[in-house]
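K.L.:
Before I ask anything, let me first share the structure, which is written out below as structure tokens.
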Ligand code: HEM
Ligand code: SF4
Ligand code: SF4
Ligand code: SF4
Ligand code: SF4
């Protein structure tokens with residue numbers, strides 16, 4: 007409105023250069039909003055002193071315990087008055103986007119309308135957990151902004167010791183690698199457990215992420231407590247015409263160097279046509295008049311490399327499903343951990359399959375809620391209690407797919423050996439009869 | 108006070124109403140893709156339906172003017188449907204190939220670089236920083252803007268051996284995540300404690316419990332309950348700072364920036380990997396962090412020249428070995444590169460495998 011712009015010589019240096027500048031955007035907003043003039047003032051101060059000046063607090067909406075990130079300025083004068091009063095409150099609403107982050111132009115414009123009306127006009131698409139982050143709102147406007155968003159089908163995401171907003175890859179919407187309906191899986195698991203998102207009462211945060219195949223475009227294995235990764239059990243599907251097109255374009259040398267030699271388990275070979283392996287478990291494509299590419303599917307680890315190099319020529323199998331890994335997380339406190347396989351394969355097609363996924367998620371959340379120490383992530387809890395205790399806790403049997411190799415030390419009491427062997431044999435027999 | 112309305116706990120919205128109709132129709136039935144040119148993807152469904160995607164970089168932290176501009180481009184030159192990627196790129200989907208070139212032109216003219224597909228250096232996944240976090244050591248958005256200005260060409264061309272994902276985080280918690288190259292704040296001095304505030308602000312047992320190396324003890328300072336840090340033990344991780352802001356870890360001079368390489372989220376070829384520390388001690392030099400860009404660009408240029416097709420940063424280093432990585436990039440190897448945290452033994456070379 008009328009507020010005098012603050013000089014920002016340091017931030018101004020981020021307006022040059024070819025990449026879109028957030029500073030230019032902030033300044034554009036500052037022409038209309040006093041809040042953004044003062045935000046620029048505080049940010050410029052940070053650039054000068056190299057310090058941050060926000061502190062948290064408690065701000066929320068009626069009925070929920072989380073989802074709003076409160077920010078109050080700490081830049082005060084000697085009388086404890088904010089140096090930049092119009093940005094003294096600068097909260098964020100974390101809002102869950104449509105799964106897969108799809109928008110129409112109308113939806114984007116409507117979100118702009120809401121944020122121009124109640125907030126600063128600054129929106130991040132998206133936070134690293136996948137929220138739309140509506141940034142910069144005063145406490146007094148929070149409820150009204152939320153009401154308007156919420157009336158139109160949008161809900162707050164997670165913050166604090168709670169279930170967090172989830173992410174799924176573009177997957178089935180536009181990707182031939184997709185092995186399940188990622189958006190449905192996300193919405194099944196998240197929308198059935200919203201109480202844990204909106205009323206933070208877990209030991210610490212819990213994240214689900216959903217990737218349609220082992221390319222794991224949403225970093226589920228590294229960044230989520232429970233990762234659902236699409237995969238398949240049967241043979242890689244071959245479209246021989248597209249394989250041959252690829253070979254005609256790239257040549258056999260590239261096929262050898264970039265596909266066959268880079269298979270991590272040496273599951274692919276180039277073989278003369280008359281020597282191709284027969285029987286189940288092999289995918290075969292003639293690459294020219296002499297040779298075939300032969301994939302030993304029992305030794306393929308579904309790494310995706312060959313499918314990525316020859317798109318459409320090689321595709322995931324037909325017997326699709328998911329692998330579940332548990333315990334991925336960032337640095338604090340024991341160091342970053344990756345997810346560990348707890349379910350090598352489960353189908354995810356029918357209503358019952360999705361219900362099973364939901365039950366598994368609920369079961370893991372419950373175990374976490376009851377057994378993790380305060381401020382302990384699932385991966386840390388598993389580190390502390392051991393994978394076997396975790397599996398027993400949630401009622402899953404051990405499986406050799408869960409490990410890279412068996413233990414290399416003798417420091418273990420094995421007096422239950424015979425019973426464990428009996429259990430294994432029983433399971434084997436049941437599977438056979440199955 | 109007016110009556111407050113109960114929230115509608117609707118959770119994650121159904122994407123279908125906002126999804127391009129060709130994508131709705133062929134949901135789960137795609138069979139082929141190609142990469143006609145940098146920034147453009149082509150997908151074909153079983154039914155024969157086709158869709159083109161034009162990808163462009165954004166500043167992530169967007170003002171409504173920018174978002175309206177993106178929406179207007181979607182209406183004028185696209186089909187009105189967009190999506191965002193996990194790295195804050197925007198994707199326009201169109202069902203008619205003829206729309207691709209005008210769309211690229213419109214985006215480019217409006218200042219949104221078209222690229223970020225396949226073997227490019229994509230936009231940096233990043234965090235909040237001074238703009239909005241309460242514990243930041245730097246401003247992620249600024250580092251990223253400065254870095255992407257320098258890497259612009261690598262975003263709009265696709266000339267890397269394989270895709271390159273970057274991340275930036277403004278404290279060691281690393282909300283930015285794992286990446287081929289990650290830029291992360293690294294503190295170098297233990298927290299300075301403002302003893303006058305501890306008693307009022309901090310729950311002391313909770314702070315003690317947060318420290319990964321048990322370096323914090325409750326103590327009486329000037330007769331008031333406070334905390335003390337065993338500075339010999341402290342690893343300067345900053346974990347005590349979020350629950351107790353008087354444990355001031357951020358320091359204009361001693362909070363440095365470190366560079367990590369070789370994080371890989373995909374399972375392609377090797378199993379996923381975490382990034383590894385390669386450089387530290389870089390100054391937190393706002394507003395353009397030139398020292399950070401210089402190291403990132405150096406690593407990228409060596410990777411680009413030396414890696415084979417399809418080798419991600421980590422695949423390349425696995426082939427040439429870490430000694431050669433340091434040799435080729437000219438980055439110094441120091442005692443700080445040798446891990447001494449839990450599980451460090453698996454990072455040692457327990458073999459006679461040496462490259463000469
Ligand atoms: C105390 C203040 C903290 C602030 C202000 C903060 C801020 C954020 C924000 C804004 C995001 C993106 C959120 C979104 O997408 O909606 C994020 C993500 C993340 N945060 Fe934090 N964070 C804090 C503490 C922590 C702590 C203590 C940890 C770890 C122990 C952590 C680990 C992460 C990780 C790993 C992500 C990325 C998550 C993902 O990919 O799902 N953060 N943080
Ligand atoms: S994770 Fe797989 S299915 Fe999902 S978008 Fe990436 S490549 Fe496609
Ligand atoms: S997907 Fe299977 S066959 Fe193809 S490269 Fe990976 S492991 Fe080898
Ligand atoms: S990386 Fe650290 S400073 Fe940056 S947003 Fe995350 S918690 Fe805040
Ligand atoms: S900085 Fe980290 S190691 Fe040092 S006292 Fe704080 S929590 Fe402990």
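Residue numbers (the numbering used here), protein chains in the order written: chain A, 7 to 440; chain B, 108 to 463. We put the beta carbon where it would ideally sit given N, CA and C, even for glycine.
#1: Is it true that the segment 296-315 of chain A meets the segment 254-274 of chain A, where meeting means three or more beta-carbon pairs spaced less than 8 Å apart?
#2: If I follow the unbroken beta strand (DSSP E) through residue 236 (chain A), where does it start and stop?
#3: Find out if the Cβ-Cβ distance for the pair residue 218 (chain A), residue 175 (chain A) is shorter than 8 Å.
#4: With DSSP as the reference, please indicate the residues paired to residue 159 (chain B) in a beta bridge.
#5: Please report how far the alpha carbon of residue 380 (chain A) lies from the alpha carbon of residue 393 (chain A), in whole angstroms.
#6: Measuring only the C-alpha atoms, how far is residue 388 (chain B) from residue 279 (chain A)?
#7: Answer yes if the segment 171-185 of chain B comes into contact with the segment 103-117 of chain A, meaning at least three C-beta pairs across the two stretches below 8 Å, and no otherwise.
#8: Pick out whichever of B:443, B:205, B:301 has its Cα sitting closest to the Cα of residue 161 (chain B).
#9: Does the distance from the CB of residue 169 (chain A) to the CB of residue 202 (chain A) come in under 8 Å?
#10: Does the beta-carbon of residue 327 (chain B) have 16 or more other beta-carbons within 10 angstroms, so that it is buried, or is it exposed?
#11: When you compare the CB of residue 43 (chain A) with every CB in chain B, is at least one pair closer than 8 Å?
#12: Tell me where the beta strand (DSSP E) around residue 99 (chain A) begins and ends.
#13: Taking residue 293 (chain A) as the reference, which of A:287, A:284, A:303, A:265 has the closest Cα?
#14: What's the call for residue 401 (chain B), buried or exposed, on a 16-neighbour Cβ count within 10 Å?
#15: Which residues mark the beginning and the end of the beta strand (DSSP E) in which residue 407 (chain A) is found?
#16: Report the option in A:210, A:350, A:339 whose CA atom is closest to the CA atom of residue 165 (chain A).
#17: Would you identify the three-state DSSP class for residue 463 (chain B), choosing helix, strand or coil?
#18: Going by Cα to Cα distance, which pick from B:246, B:232, B:156, B:168 is closest to residue 203 (chain B)?
#19: In the DSSP output, which residue or residues are listed as bridge partners for residue 327 (chain A)?
#20: Contact criterion: CB-CB distance below 8 Å. Does residue 129 (chain A) meet it with respect to chain C?
#21: Beta carbon of residue 167 (chain B): closer than 7 Å to some heavy atom of ligand 3?
#22: Under 8 Å between beta-carbons, which chain B residues line up against residue 182 (chain A)? List them in chain order, please.
#23: With a 10 Å radius around its C-beta and 16 neighbouring C-beta atoms as the bar for buried, classify residue 98 (chain A) as buried or exposed.
#24: Say the cut is 7 Å; is the CB of residue 230 (chain B) nearer than that to a heavy atom of ligand 2?
#25: Given a cut-off of 8 Å, decide if residue 323 (chain A) and residue 377 (chain A) are closer than it, judged by their beta-carbon atoms.
#26: What would DSSP say about residue 127 (chain B), mapped onto helix, strand or coil?
#27: Which residue wins for smallest C-alpha separation from residue 78 (chain A), given the options A:60, A:64, A:120?
#28: Look at the Cβ atom of residue 319 (chain A), then the Cβ atom of residue 221 (chain A), and state whether they are nearer than 8 Å.
#29: When the cut-off is 8 Å and only beta carbons count, does residue 281 (chain B) lie next to chain A?
#30: Let me know if residue 460 (chain B) comes out buried or exposed under the rule of 16 or more other beta-carbons within 10 Å of its beta-carbon.
#31: If you draw a straight line from the alpha carbon of residue 216 (chain B) to that of residue 447 (chain B), how long is it in whole angstroms?
#32: Need the endpoints of the beta strand (DSSP E) that residue 368 (chain B) sits in, please.
#33: What first and last residue would you give for the alpha helix (DSSP H) that runs through residue 256 (chain A)?
#34: Does the CB of residue 421 (chain B) have a neighbour CB from chain A at under 8 Å?
#35: Suppose contacts are defined by Cβ-Cβ distances below 8 Å. Is residue 231 (chain A) in contact with residue 335 (chain A) by that definition?
#36: Should residue 92 (chain A) go down as buried or exposed, given a rule of 16 or more other Cβ atoms within 10 Å for buried?
P.N.:
In brief:
#1: yes
#2: 232-238
#3: yes
#4: B:149, B:201
#5: 19 Å
#6: 58 Å
#7: yes
#8: B:205
#9: yes
#10: exposed
#11: no
#12: 98-101
#13: A:265
#14: exposed
#15: That residue, residue 407 (chain A), is in no beta strand (DSSP E); it is neither H nor E in DSSP.
#16: A:210
#17: coil
#18: B:156
#19: A:237
#20: As a matter of chain content, chain C is missing from the structure shown, whose protein chains are A and B.
#21: no
#22: 137, 138, 139, 140, 150
#23: buried
#24: no
#25: no
#26: coil
#27: A:60
#28: no
#29: yes
#30: exposed
#31: 51 Å
#32: 362-368
#33: 246-256
#34: no
#35: yes
#36: buried
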